[in-house]
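Enquirer:
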Amino acid sequence: MAVPDMLTKIKSLIGIVADFFFALADRITERIPEENRRLVLISIGGGFAVIMLVIIGTSLLIRSNSSEAGSSVESTNFQRALIPPDELFLPDEPDFVPGVLLEREQRSQWAAEDAAPWWQDPMRNGEEQWRARIEITIDEMLERVP
236 MAVPDMLTKI KSLIGIVADF FFALADRITE RIPEENRRLV LISIGGGFAV
286 IMLVIIGTSL LIRSNSSEAG SSVESTNFQR ALIPPDELFL PDEPDFVPGV
336 LLEREQRSQW AAEDAAPWWQ DPMRNGEEQW RARIEITIDE MLERVP
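When we follow our numbering, the leftmost residue of the sequence shown carries the number 236, and every step to the right adds one.
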């Protein structure tokens with residue numbers, strides 16, 4: 236049988252089944268009062284879902300039971316190829332911090348020429364700007380005190 240012929244037969248079968256269920260749903264909804272239709276249809280859908288889950292579960296159980304009987308030979312092969320527990324876990328991280336590599340030796344005393352590139356005299360531009368900043372900070376702190 237050709238694939239296109241099978242597809243047309245499957246489509247027609249699905250159409251027939253769908254028409255049957257739609258006709259059945261129309262008959263059921265005609266007999267149910269308007270205020271109860273929603274509850275009844277939800278109940279029917281839930282019941283159908285439960286039935287489908289039971290059918291699928293039982294088929295899986297039957298399939299797993301039948302495959303266990305045939306897989307006794309396969310299970311012995313799996314037991315032989317077990318991975319040792321030592322290979323399942325990564326080794327611990329090293330618990331050390333590498334030392335600091337200095338570019339030059341640390342000086343015990345600094346001369347004025349050594350500190351000159353990193354030192355800026357705060358009084359070079361006058362002390363007024365620093366005095367103003369300090370007074371603003373003190374005023375802000377005193378305003379927060381209860």
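Using N, Cα and C, we set each Cβ at its ideal position, and we do this for glycine too. Computed from a predicted model, the values in this text were never measured in an experiment.
Pop quiz: P357 and W365 are said to be a contact at Cβ under 8 Å. What is the actual Cβ separation, rounded to whole angstroms?
Expert: Contact between P357 and W365 holds, since their C-beta atoms are separated by about 6 Å, short of 8 Å.
Enquirer: Tell me the DSSP secondary structure of E340 in three-state form.
Expert: Looking at E340 - three-state DSSP - the assignment turns out to be coil, as it is neither helix nor strand.
Enquirer: Is P320 helix, strand or coil when you go by DSSP?
Expert: helix
Enquirer: How long is the line joining the alpha carbons of G387 and I279, rounded to whole angstroms?
Expert: No statement about residue 387 is possible, as the shown extent of the chain runs from 236 to 381 and does not include it.
Enquirer: Expressed to the nearest angstrom, what Euclidean distance is found between the alpha-carbon atoms of W354 and M376?
Expert: 29 Å
Enquirer: Secondary structure at D330, three-state DSSP: helix, strand or coil?
Expert: coil
Enquirer: Going straight from the alpha carbon of R262 to that of I286, what length do you get?
Expert: 22 Å
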